[in-house]
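So the sequence lines, in the order shown, correspond to chains A and B.
If you read the first sequence in our numbering, its first letter stands for residue 1, the second for the next number, and so on.
If you read the second sequence in our numbering, its first letter stands for residue 1, the second for the next number, and so on.
Single-structure report; data block below.
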Amino acid sequence: MATTKIAERPAAGIRPSGTILEVNDLKVEFRTDSGKVAAVNGVSFALNAGEVVGIVGESGSGKSQILMTIMGLLAKNGSGSGSVKLRGQEILGMKDDELDKLRGASMSMIFQDPMTSLNPFLRVSTQLTEVLVKHRGMGQAEAMKRAIEMLDAVSIPDAAKRIRLYPHEFSGGMRQRVMISMALLCQPSILFADEPTTALDVTVQAQILDLMKDLSADLGTTVVLVTHDLGVVASLCDRVIVLYGGRIMESGPAEDLFANPKHPYTRGLLASTPRLDEQTHGELHTIPGQPPAVAKEALGCPFEPRCEFREPRCKTVRPVIQDDGSRTVACHVVSL
Amino acid sequence: MSDAAFELIHESDHGATVAGRSKLKDGFGRMRRNKMAMVGLVVLALIVLACAFGPFVLPFDPNQSDFDSISIPPAFAGGHIFGTDDLGRDLFARVLEGGRTSLLIGVLATIVAIVIGISYGAVAGFFGGAVDTVMMRIVDVLYSLPFLFFVIMLTMVLGRGIESILIAIGALLWLTIAVIVRGQTLSLKHKEFIEAARAGGMKPFTIVRQHIIPNTIGPVIVYASLLVPEVILGESFLSYLGLGVQEPQSSWGTLIDGGAQAMDTAPWQLIVPGLFLAATLFSLNFIADGLRDAFDPKDR
Numbered sequence: 001m002a003t004t005k006i007a008e009r010p011a012a013g014i015r016p017s018g019t020i021l022e023v024n025d026l027k028v029e030f031r032t033d034s035g036k037v038a039a040v041n042g043v044s045f046a047l048n049a050g051e052v053v054g055i056v057g058e059s060g061s062g063k064s065q066i067l068m069t070i071m072g073l074l075a076k077n078g079s080g081s082g083s084v085k086l087r088g089q090e091i092l093g094m095k096d097d098e099l100d101k102l103r104g105a106s107m108s109m110i111f112q113d114p115m116t117s118l119n120p121f122l123r124v125s126t127q128l129t130e131v132l133v134k135h136r137g138m139g140q141a142e143a144m145k146r147a148i149e150m151l152d153a154v155s156i157p158d159a160a161k162r163i164r165l166y167p168h169e170f171s172g173g174m175r176q177r178v179m180i181s182m183a184l185l186c187q188p189s190i191l192f193a194d195e196p197t198t199a200l201d202v203t204v205q206a207q208i209l210d211l212m213k214d215l216s217a218d219l220g221t222t223v224v225l226v227t228h229d230l231g232v233v234a235s236l237c238d239r240v241i242v243l244y245g246g247r248i249m250e251s252g253p254a255e256d257l258f259a260n261p262k263h264p265y266t267r268g269l270l271a272s273t274p275r276l277d278e279q280t281h282g283e284l285h286t287i288p289g290q291p292p293a294v295a296k297e298a299l300g301c302p303f304e305p306r307c308e309f310r311e312p313r314c315k316t317v318r319p320v321i322q323d324d325g326s327r328t329v330a331c332h333v334v335s336l
Numbered sequence: 001m002s003d004a005a006f007e008l009i010h011e012s013d014h015g016a017t018v019a020g021r022s023k024l025k026d027g028f029g030r031m032r033r034n035k036m037a038m039v040g041l042v043v044l045a046l047i048v049l050a051c052a053f054g055p056f057v058l059p060f061d062p063n064q065s066d067f068d069s070i071s072i073p074p075a076f077a078g079g080h081i082f083g084t085d086d087l088g089r090d091l092f093a094r095v096l097e098g099g100r101t102s103l104l105i106g107v108l109a110t111i112v113a114i115v116i117g118i119s120y121g122a123v124a125g126f127f128g129g130a131v132d133t134v135m136m137r138i139v140d141v142l143y144s145l146p147f148l149f150f151v152i153m154l155t156m157v158l159g160r161g162i163e164s165i166l167i168a169i170g171a172l173l174w175l176t177i178a179v180i181v182r183g184q185t186l187s188l189k190h191k192e193f194i195e196a197a198r199a200g201g202m203k204p205f206t207i208v209r210q211h212i213i214p215n216t217i218g219p220v221i222v223y224a225s226l227l228v229p230e231v232i233l234g235e236s237f238l239s240y241l242g243l244g245v246q247e248p249q250s251s252w253g254t255l256i257d258g259g260a261q262a263m264d265t266a267p268w269q270l271i272v273p274g275l276f277l278a279a280t281l282f283s284l285n286f287i288a289d290g291l292r293d294a295f296d297p298k299d300r
């Protein structure tokens, strides 16, 4: 899809394997009227250059908050602890001034709702060029040229004219393309996408996902995709992290994990996904019970109350994370 | 203000299909369909043009006494179409001259109020927390000052005249704008495009300038259009009390004051400046009404 040459550097040169982001024991807490509430309870993972990683979980599992913490965009009453290292540099608790130099340049983010992510009062051109002027010190004319190239790259027809329009003159899918082009303008090494296709209809979803995949491959960008849509993860991601109650339940290469899910929660999730090639006997499988209220921190496994394989120790003892090098799972009952 | 509005309305006619239509243009386009507002705009434009160019065209100097023609009633014959005052000065020339002062104060004080109000409100709202609390308590304190008392104090310090009026009006009128803009900012700052700007590494003041302030313009335009007549009326009121513009300079307020004193013998001295003031205020209020209808999101 991306036919225009959008990379300033050749893609071949920026395909180093190796860790660019390392998250260690990340905890996110919010101060509320009823005391401290933990949204993320000690999450650790690493991102390699150029890979596409999906973070899956239901509402309230803390998946968005992980991204917000890394980007330094937590709400005022929230605080993160642990460690987040971007290319070895600790960025958690970094001052806003310094973080501003990284945000947009080394890492950027696409939000869920393209309808509200663009400033309705500014021309698209203004919003695109401001990033380049700030991070790359480009002049207005040069920034404009680059912005048009980028819009071309995300397949917006007639980009040179369209760039003068206002956001409300674009459709939802087009706006998400604009958002993607904005996020990729400075060729960040990491792109966080927080449910980028949830607000779009299915056909547009597929186009946007293809586009993200192509662009990340062209530019060598690491993509972190947060979603609750397993179909999206399966079609796009190299690696998957399954989150529940602010903890990692299971992680591993996408194909392997979907073919052979270990954790009861992952199995439940997969069983709850409607499939065209299977007889469902009229009823969709659901996981019984409710996701945990964040206020109550479980002693054992957070999924225990809803798990059909639960044992007495699941309630009291936290399962150790089993790691075989490529896959991890946190469960007493199953083993890798 | 009205001229700028005119220009914008005109532009929307031609630029619509090519260069993208901003929400501002949309609003002015809607306003254009409001008949009363457009009549108001025309009347106001006529008054503004007359005040701006009239004194150059009229054969009479507004400050020149002609003792042969004292208190002449309005008549076309002698050239004094609106008559003269009790010092023999042409009333039409004085009304136009006074209109300059009144309109100038109205527009200047409003611009001052808008600039201070928007910056203050946007900063308070965006940064929130202690900054917000301190800034808004200052506004509360200023709000609690009685307007007239404040003006009298200022004229004692600075002397009577346009400057003290401008300062007094400008110093108090930005408060409401600041409150409006702060409220807007509070709801704007959690919008995703602000988050997106932060994710793009924009600095807080850049975000306020680039992303917050343009989005507060709609309600501010509406309020400002209500503010201009308020200021003009306030100035007239103060001048009427003798606190404002001083002789020989005139404003509609001083003219009405002078006219009120000669009401029994020469009623036109009150009626003519009164009509000009009333026509201006009516026009401004109709325009404000039209703007509100055009920019109020609830009516869309």
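C-beta atoms are modelled at their ideal positions from N, C-alpha and C, and glycine is treated no differently.
Under DSSP, the beta strand (DSSP E) around residue i begins and ends at which residues?
| i | result |
| --- | --- |
| A/Q322 | 321-323 |
| A/L243 | 239-244 |
| A/I110 | 107-110 |
| A/M249 | 247-253 |
| A/A330 | 328-330 |
| A/S342 | Limits of chain A in this structure are 1 at one end and 336 at the other, which puts residue 342 of chain A out of reach. |
| A/L56 | Note that residue 56 of chain A is Val in the sequence shown, not Leu. Taken as a continuous stretch (DSSP letters only), the beta strand (DSSP E) holding A/V56 covers 52-56. |
Drop a sphere of 10 angstroms on the beta-carbon of residue i, count the other beta-carbons inside from all chains shown, and report buried for 16 or more, exposed for fewer.
| i | result |
| --- | --- |
| B/P273 | buried |
| A/E90 | exposed |
| B/A37 | buried |
| A/G325 | exposed |
| A/E311 | exposed |
| A/D152 | buried |
| B/R33 | exposed |
| B/A294 | buried |
| A/A330 | buried |
| A/S61 | buried |
| B/V57 | exposed |
| B/M156 | exposed |
| A/Q140 | exposed |
| A/D33 | exposed |
| A/K161 | exposed |
| B/S144 | exposed |
| A/E98 | exposed |
| B/R94 | buried |
Name the chain B residues whose beta carbon is nearer than 7 angstroms to that of residue i?
| i | result |
| --- | --- |
| A/M109 | A199 |
| A/N77 | Those do not exist, as A/N77 stays about 11 angstroms from chain B at its closest Cβ, beyond 7 angstroms. |
| A/M71 | A199 |
| A/V131 | G200 |
| A/L122 | P214 |
| A/K95 | Here the premise fails: no neighbours, minimum Cβ distance about 12 angstroms. |
Check the Cβ of residue i against every Cβ in chain B and list those closer than 9 angstroms, keeping chain order.
| i | result |
| --- | --- |
| A/F170 | Chain B residues near A/F170: none, gap ~10 angstroms exceeds 9 angstroms. |
| A/H135 | G200, G201 |
On the DSSP letters alone, give me the boundaries of the alpha helix (DSSP H) that residue i sits inside.
| i | result |
| --- | --- |
| A/M212 | 202-219 |
| A/L122 | Here A/L122 belongs to no alpha helix (DSSP H), and DSSP marks it neither H nor E. |
| B/P273 | 268-295 |
| B/R32 | 23-32 |
Just to make sure I have the definition right: I need the residues of chain B whose C-beta is within less than 8 angstroms of the C-beta of residue i. Which are they?
| i | result |
| --- | --- |
| A/A105 | G201 |
| A/K63 | None at all; the shortest Cβ gap to chain B is about 16 angstroms. |
| A/D100 | G201, M202, K203 |
In this structure, what does DSSP give as the bridge partners for residue i?
| i | result |
| --- | --- |
| A/G35 | A/T32 |
| A/A193 | A/I110, A/L225 |
| A/R313 | According to DSSP, which records beta bridges pairwise, A/R313 is partnered with nothing at all. |
| A/T19 | A/N48 |
| A/R395 | Residue numbering for chain A in the displayed model covers 1 to 336; residue 395 of chain A lies beyond these limits and cannot be assessed. |
| A/E90 | A/K85 |
| A/N24 | A/S83 |
| A/N41 | A/K27 |
Using a Cβ cut-off of 8 angstroms, pull out every chain A residue sitting near residue i, in sequence order please.
| i | result |
| --- | --- |
| B/A196 | M109, F111, S117, L118, M179, M182 |
Residues of chain A with CB under 7 angstroms from residue i, in chain order?
| i | result |
| --- | --- |
| B/K189 | By Cβ distance, chain A contributes nothing, its closest Cβ being about 11 angstroms from B/K189, past 7 angstroms. |
| B/Q210 | E130 |
| B/F193 | T116, S117, L118, N119 |
Chain-ordered residues of the stretch 137-168 of chain A with a beta carbon less than 8 angstroms from chain B: Residues R164, L165, Y166, H168.
Residues in the stretch 22-42 of chain A having any Cβ partner in chain B nearer than 7 angstroms: Residues: none.
Chain-ordered residues of the stretch 18-31 of chain B with a beta carbon less than 7 angstroms from chain A: Flagged, chain order: A19, G20, R21, S22, K23.
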